[in-house]
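S.K.: Residue numbering for the sequence shown follows the numbering used here, starting at 1 and increasing by one per position. Below are the structure tokens for one structure; questions will follow.
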Amino acid sequence: MYKLVLMRHGESTWNLANRFTGWTDVDLTEKGVAEARAAGELLKQSGFDFDIAYTSVLKRAVRTLWNTLDTMDLMWLPVQHDWRLNERHYGALQGLNKAETAAQYGEDQVMIWRRSYDIPPLPLAQDDPRTDFNNPRYAQLDPKQIPLTECLKDTVERVLPVWNDSIAPAIKSGKRVLISAHGNSLRALIKMLDGVSDQDIVGLNVPNGQPLVYELDADLKPIRHYYLGDQDAINAAMAAVANQGRAN
Ligand SMILES: O=C(O)[C@@H](CO)OP(=O)(O)O
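So, in structure tokens, the structure goes:
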């Protein structure tokens, strides 16, 4: 049996401000750093150890990983940064407040933009200053690969190749893998791992900074999964994420 640990970054400044974030490169809050460090303690106390880590090219996931690894005295670990583990691109919603957007467009519409499988938010215009065409961290990409918006289906399509080409072979070779990523790139991975239907994925929310353990069989099919830590706190954190799209 293999074990894989998935973790969403700790609280970011735009989680706190309740803004749609996507590819915007915002940092962690102090609470977010504390969550990452607490996750490291919990992993250590629970006997986890890792051989390689994967993360995105966005600092909230990277700094979460650093803090978790630091707490585990694993800062030396090989780390693979992959843009394909980035958060789902939130298109023209990036930067807007979620509750204000719900007040303006309705909670049902915001729910569709946040959680539907195949309906993306409106795209950024090609010349919008929020685009990533001139961002040096994506310089090696074909500009067509740089999204202007994404639905979860688009995110699944870019996350799957990282899984198939890199993460799955690493696990099968016996490496113990930690992935520090984002709410929606992890929803993409979870959908793929557990075969969650397009309908059921709508109700799945990933809390900040909580290690999610997958036990996998020899073919990397999940045997079971569970969050480490206090289940009531985790359920409350998942409900809080779901409620971020409510109009105040
Ligand atoms: O804003 C975002 O990029 C994501 C994660 O914080 O939010 P949501 O949970 O609304 O998809």
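A virtual CB, placed ideally from N, CA and C, is assigned to each residue, including glycine.
Just to confirm the assignment, what range does the beta strand (DSSP E) spanning K3 have?
M.R.: From DSSP, the beta strand (DSSP E) with K3 extends over 2 to 8.
S.K.: Sort out for me which residues DSSP pairs I52 with in a bridge.
M.R.: For I52, which the question treats as bridged, DSSP gives the partners V177.
S.K.: Have a look at the DSSP bridge pairing and note the partners of L216.
M.R.: Answer is Y2, P222.
S.K.: Applying the 10 Å Cβ sphere with the 16-neighbour rule, what's the burial state of A39?
M.R.: Buried, because 16 or more other Cβ atoms sit within 10 Å of the Cβ of A39.
S.K.: Out of W23, D70, M7, E87, which one is the CA nearest neighbour of V156?
M.R.: Comparing Cα positions, the closest option is E87.
S.K.: Let's test the definition: count the other Cβ atoms within 10 Å of the Cβ of P120 and tell me whether it reaches 16, buried, or not, exposed.
M.R.: Buried.
S.K.: Starting from Q244 and walking both ways along the beta strand (DSSP E), at which residues does that stretch end?
M.R.: Here Q244 belongs to no beta strand (DSSP E), and DSSP marks it neither H nor E.
S.K.: Looking at S56: is its Cβ nearer than 8 Å to the Cβ of T29?
M.R.: No, the Cβ-Cβ distance between S56 and T29 is not below 8 Å.
S.K.: Tell me the rounded alpha-carbon separation between E100 and V110.
M.R.: Their backbone Cα atoms lie some 10 Å apart in a straight line.
S.K.: With V26 as the anchor, note down where its beta strand (DSSP E) starts and where it stops.
M.R.: Premise fails: V26 is in no beta strand (DSSP E) and is neither H nor E.
S.K.: Kindly provide the ranges of any beta strand (DSSP E) runs that are 3 or more residues long and lie completely inside the segment 122 to 201, ordered along the chain.
M.R.: Runs found: 177 to 181.
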